[in-house]
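Student:
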Amino acid sequence: MIFGLLGMILSVWSMMASFILIDYKIELTISTCALCISILALGFSYILFSSALTTLYVQLPEDKMSFSGVKFYVVFFAVVHVGIAVAAVYLSKSWPICLLLIVSSFIFCCDGWSCIFTDRYMLSLHRERKFETRTVYPTDWVIHRVAVKRFSKQICPEGFQFDEDLFNEDEDLWIRYDHSVESNSFWV
105 MIFGLLGMIL SVWSMMASFI LIDYKIELTI STCALCISIL ALGFSYILFS
155 SALTTLYVQL PEDKMSFSGV KFYVVFFAVV HVGIAVAAVY LSKSWPICLL
205 LIVSSFIFCC DGWSCIFTDR YMLSLHRERK FETRTVYPTD WVIHRVAVKR
255 FSKQICPEGF QFDEDLFNED EDLWIRYDHS VESNSFWV
């Protein structure tokens with residue numbers, strides 16, 4: 105997940121650099137190739153970031169989400185990206201695309217920061233259909249509450265399980281969840 109976010113950030117910035125280089129007609133062939141590679145890398149990074157091919161997804165607690173309240177790092181990234189946006193408007197003829205890429209970079213940076221520095225998260229089950237939220241499992245679909253060991257200093261919060269212990273139990277954790285089992289054992 106983190107590699108996907110970092111890949112999306114790098115792809116967005118290389119796309120913006122390619123647009124600026126194309127505007128100034130600097131190495132058009134190389135700039136166009138870099139733009140095409142960046143677009144492909146953005147798509148690949150999004151696949152790494154999303155959990156579309158799995159049955160479980162990572163959910164941060166509300167207090168750790170980027171845009172739930174005013175956080176210092178969000179304000180910092182906002183100020184930096186606004187400064188870069190002003191420069192992009194003056195530097196580029198394709199400034200609308202650059203502004204869109206800067207907004208994307210801001211969101212990816214905030215999400216990346218909150219994912220890297222979170223001390224706990226939840227593994228939740230994907231809902232296949234909207235009606236399942238009311239009929240099947242009306243709870244929040246949380247399968248495991250996981251504490252990141254490097255931040256917890258050997259003390260596991262109540263109701264949580266260390267990430268190392270969870271991922272050592274089953275290497276195919278993301279694929280092999282069987283939601284038809286109604287006992288405490290969720291693994292096939």
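Numbering (the numbering used here), first residue to last: 105 to 292. We treat Cβ as the ideally placed atom computed from N, Cα and C, and that holds for glycine. The structure presented is a predicted model; accordingly, all values stated were derived computationally and were not measured.
Is it right to say C202 is buried, meaning 16 or more other beta carbons lie within 10 angstroms of its own, or is it exposed?
Tutor: Result: buried.
Student: Measure the C-alpha to C-alpha separation of L132 and P165 and round it to an integer number of angstroms.
Tutor: Answer to the nearest angstrom: the Cα atoms are 46 Å apart.
Student: What residue from I113, T222 and C137 has the CA that sits closest to S122's CA?
Tutor: When each option's Cα is compared against that of S122, the closest is C137.
Student: Three or more beta-carbon pairs under 8 Å between the stretch 211 to 222 and the stretch 169 to 179, yes or no?
Tutor: Taking 8 Å as the limit for Cβ pairs, the verdict is that the stretch 169 to 179 does touch the stretch 211 to 222.
Student: Under a Cβ-count criterion, where at least 16 other Cβ atoms within 10 Å of its own Cβ denotes burial, should I188 be classed as buried or exposed?
Tutor: Label assigned to I188: buried.
Student: Please give the ranges of any alpha helix (DSSP H) in the stretch 130 to 198, keeping only runs that are unbroken, at least 4 residues long and fully inside the region.
Tutor: Whole alpha helix (DSSP H) segments, 4+ residues: 132 to 153 and 176 to 195.
Student: Roughly how many whole angstroms lie between the Cα atoms of S155 and V190?
Tutor: C-alpha separation (whole angstroms): 34 Å.
Student: In angstroms, rounded to a whole number, what distance separates the CA positions of A182 and W117?
Tutor: When rounded, the distance between both Cα atoms is 16 Å.
Student: How big is the Cα-Cα spacing for S198 and M112?
Tutor: In a straight line, the C-alpha of S198 is about 20 Å away from that of M112.
Student: Would you identify the three-state DSSP class for M105, choosing helix, strand or coil?
Tutor: DSSP places M105 in coil when its eight states are reduced to three.
Student: Rounded to whole angstroms, what is the Cα-Cα separation between L195 and S115?
Tutor: Using only the alpha carbons, I get a separation of about 20 Å.
Student: On the DSSP bridge assignment, give the partners of S209 in chain order.
Tutor: Answer is none; S209 lacks a bridge partner.
Student: Roughly how far, in whole angstroms, is the beta-carbon of L160 from the beta-carbon of S228, given that I think they are within contact range, below 8 Å?
Tutor: Confirmed, Cβ separation roughly 7 Å.
Student: Can you say whether G108 is buried or exposed, counting buried as having 16 or more other CB atoms within 10 angstroms of its CB?
Tutor: Looking at its Cβ environment, which holds 16 or more other Cβ atoms inside 10 Å, G108 is buried.
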